[in-house]
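Below you can see the structure in the form of structure tokens.
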């Protein structure tokens, strides 16, 4: 990914010239010039996203469509120049171009150009929302995405419980939907068991679109019961995952190196990450 490119000295140009200086400004956020570049880039990205959102409002598009169109081309040109500068200043342009954020950078500018060539290409502007992902790199948030692995481990550890819970919920909505079909019938909009199951799902999840409403007293009582148990059902998977995360956290904290007191080792670690001593 581009974040690894940013911290990878091997992708820095070998010669110490203007390309090296440009690389420092664009990829090294710790320098004064790099900080200014990142701040300007974040502001430009956010403004471009705001323009995309405002342009989707029909009333505003009718009044300021020309302005939005001009601003979009200005942003596209700026991002194009930035993308080309990134390709120029890195030691291995192909590595950057094929990286995750390199592709995101290209996708941020491609829809606007395609809209000139392809009929209906203007619908590709939705891809411009991917520009927001670039903020993760600029703000160095990518390094924190590794913490998501901790959550993934907890989900994997609790997958059997979650699958069993989902099967239980599926069985419950089939039973409740069938009951409501018998109680209410087609006169109240419950024209079939699948449609009644749909109603049971949206009621159980406390969404309640209101397109189907029980009219009998017994049906309303059953609906009230479903709404009440819905809150409990929503809390169950959260408790399962939280329990696994707590268990995993205790295991990680429990492995402390006796040599250097370093914490945070993997549950199956046999040697210290810092000093290499046996755990």
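In this note's numbering, the protein residues as written are 176 to 454.
In this text, a Cβ means the ideal position worked out from N, Cα and C, and glycines have one as well.
Query                                                                                                                             : Result
Pairwise C-alpha distance: residue 215 and residue 207                                                                            : 13 Å
Three-state secondary structure assigned by DSSP to residue 177                                                                   : Interpretation of residue 177 is limited by its pLDDT of 40, a score under 50 that renders its predicted location unreliable; no figure is taken from the coordinates.
Residues bridged to residue 437 [DSSP beta-bridge criterion]                                                                      : Per DSSP, none; premise fails for residue 437.
Collapsed DSSP secondary structure at residue 446 in the structure displayed                                                      : strand
According to DSSP, residues forming a beta bridge with residue 453                                                                : 446
Check: residue 195 C-beta below 6 Å from any heavy atom of the ligand MG                                                          : The ligand content of the structure shown is nil, which means the ligand MG is not present either.
Three or more C-beta pairs below 8 Å linking the stretch 253-260 and the stretch 276-296                                          : yes
Residue 417 - DSSP class collapsed to helix/strand/coil                                                                           : helix
Residues near residue 343 in its chain [Cβ-Cβ closer than 6 Å; skip 5 each side]                                                  : none
Exposed unless 16 or more other CB atoms sit within 10 angstroms - verdict on residue 218                                         : exposed
Coarse secondary structure for residue 359, derived from DSSP in three states                                                     : helix
Residue 438 burial status per 10 Å Cβ neighbour count (16 or more: buried)                                                        : exposed
Chain-order list of residues whose beta-carbon lies under 7 Å from that of residue 305 (same chain, five-residue window excluded) : 279, 282, 283
The stretch 386-404 contacting the stretch 359-367, beta-carbon criterion three pairs below 8 Å                                   : yes
Alpha helix (DSSP H) segment containing residue 226, residue limits                                                               : 207-230
Cβ-Cβ separation, residue 377 to residue 349 (assumed contact under 8 Å), whole Å                                                 : Wrong, their Cβ atoms sit about 15 Å apart, outside the cutoff.
Alpha helix (DSSP H) segment containing residue 264, residue limits                                                               : 233-264
The stretch 408-415 in contact with the stretch 325-344 per 3-pair CB rule at 8 Å                                                 : yes
Alpha-carbon to alpha-carbon, residue 309 and residue 269                                                                         : 19 Å
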